[in-house]
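Numbering-wise, my numbering comes out as the position in the sequence shown, counting from 1, plus 741.
As structure tokens, the structure follows; a few thoughts come after it.
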Amino acid sequence: TSVFVSGATGFIAQHIVSNLISKGYKVVGSVRSTAKGENLKKRFGASFQYEVVPVLEKQSAFDGALKSHPEVTVFLHTASPVTFSAADNEKDVLIPAINGTKFVLESIQKAAPQIKRVVYTSSIVAIASYQQFFDPNFVCSEDVFNPVTYEEGKAHPVSAYFASKTLAEKAAWEFVENRKPAFVLTTVNPVFVLGPQLKDEDVTGDLNATAEFIAGVYKLNKDDKIPESAGHFVDVRDVARAHITAFEKDEAKGKRIISYTENFNSQLILNIIRKHFPELHGKLPVGTSENSDVSKYARIEDSKSKKIIGEGQYTLEDTVKASVEQFLKAKV
Ligand code: NDP
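If you want it as structure tokens, here you go:
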């Protein structure tokens, strides 16, 4: 089977591609430049091909790439801007995410009617708003949508990301409802995705937005304030596996699948780093144990999803350990 992965350069997508190849799938990845494609080709070898699609938010952008690969029967749409600090909320975030998703589905229907399964990488932010995440009485489940509007997304860079994912996912379900394509849609809705880069050499410069949560704690000095990052966590390797289950299993057809393991905050990350890396004790702050309470966030009711994808295989402790081992190897 041949699987198309849009945004193949991404943090999550690279783990998906690697996992697919190790399971014997052939992969066609879309990238924004030839240089990026060549890098991936070197990395993934003969089972990987790439197509350059420079702009997501253009009608028919994927037609050519899809027509060149009539062997593809599964499409994983992961490409989307991941930022909480865009310069232009509409142009940089909302439009590529929402229009990009609509156009990609249109291209699949038109140029690749042989595709039977489409998985869209949505997010927990399509399920709950920022305020709802920190409300212990709120329940995040496969049945609810973040009430955020396009106008709110335009007004604030964090809301822009939340609105981009919510409205793109809604557009995908509406497309299926109204246009009756030949494919079946599944969405994967991960919580904050942390964990190691696929390759140690990628641990340079700025990491993707959420992988920075662990790096931000690792880089603290004794007197620094501990960052406020907190919420729900899942390891990138579990998210990759969820994407594959999402098209392999019949039970996943037409479903939203939450991918979640446990809660985290920066203090917990710090505690784990201190436990496993005594050589960093002199440099890092200690923080305070009362800050380790992560029980007060919204409850994630993902039992339907867990029935399909199973439990997460990597705890926060595994994830932090693997990430910091990479930072130390890369000497960042
Ligand atoms: P990355 O930033 O590492 O990957 C994003 C991918 O999308 C890259 O391949 C990037 O290409 C591509 N991309 C971004 N903007 C555009 C654009 N305007 N046009 C074309 N391609 C674009 O992020 P992640 O791996 O974390 O995210 C992947 C997906 O997972 C996204 O859909 C994200 O919303 C979703 N997600 C992420 C979570 C997280 O915690 N990280 C949680 C839940 C969902 P390039 O490399 O060229 O920049």
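C-beta atoms are modelled at their ideal positions from N, C-alpha and C, and glycine is treated no differently.
Could you give the residue range of the beta strand (DSSP E) that holds residue i?
| i | result |
| --- | --- |
| Pro931 | 925-931 |
| Leu816 | Looking at the sequence itself, residue 816 is Phe, so the reference to Leu does not match. Where Phe816 is concerned, the enclosing beta strand (DSSP E) stretches over 813-818. |
| Lys767 | 767-772 |
| Val746 | 743-747 |
| Glu1042 | 1040-1042 |
Is it buried or exposed, residue i, if we count other Cβ atoms within 10 angstroms and call 16 or more buried?
| i | result |
| --- | --- |
| Ala852 | buried |
| Lys906 | buried |
| Ala820 | buried |
| Thr1060 | buried |
| Gln755 | buried |
| Gly936 | buried |
| Asn1012 | buried |
| Asp1043 | buried |
| Lys832 | exposed |
| Lys1048 | exposed |
| Thr775 | exposed |
| Gln938 | buried |
| Val834 | buried |
In the DSSP assignment, find the unbroken alpha helix (DSSP H) run with residue i in it and report its ends.
| i | result |
| --- | --- |
| Gln790 | Segment 789-793 is the beta strand (DSSP E) holding Gln790; no alpha helix (DSSP H) there. |
| Glu847 | 836-852 |
| Glu1058 | 1057-1071 |
Since I believe residue j is in contact with residue i (beta carbons under 8 Å), could you give me their beta-carbon distance rounded to a whole number of angstroms?
| i | j | result |
| --- | --- | --- |
| Val813 | Ser743 | 5 Å |
| Pro1026 | Lys1072 | Wrong, their Cβ atoms sit about 21 Å apart, outside the cutoff. |
| Leu807 | Ser864 | With a Cβ gap of about 25 Å, Leu807 and Ser864 do not count as contacting. |
| Ser1046 | Ile999 | 4 Å |
| Val885 | Ser900 | 18 Å between Cβ atoms; not a contact. |
| His818 | Tyr861 | 5 Å |
Using a Cβ-based criterion (distance less than 8 Å to any ligand heavy atom), does residue i qualify as near ligand 3?
| i | result |
| --- | --- |
| Gly751 | Ligands in the displayed structure: ligand 1; ligand 3 is not one of them. |
So the candidates are the options; which of them puts its Cα closest to the Cα of residue i?
| i | options | result |
| --- | --- | --- |
| Val859 | Ser882, Val768, Ala776, Ala923 | Ala923 |
| Val769 | Ser788, Ala952, Ser1036 | Ser788 |
| Ser1030 | Ser1007, Gly1051, Pro1019, Ile1050 | Ser1007 |
| Leu926 | Trp914, Val793, Lys895 | Trp914 |
| Gly894 | Ala909, Lys777, Gly995 | Ala909 |
| Thr1002 | Gly1053, Thr986, Asn830, Gly972 | Gly1053 |
| Lys994 | Ala971, Phe1005, Phe785, Ile1050 | Ile1050 |
Ignoring anything shorter than 4 residues, give me the alpha helix (DSSP H) runs that lie fully in the segment 952-1021, in order along the chain.
953-959, 977-989, 1007-1017
4 or more residues per run - each alpha helix (DSSP H) lying fully within the segment 855-916
871-874, 891-896
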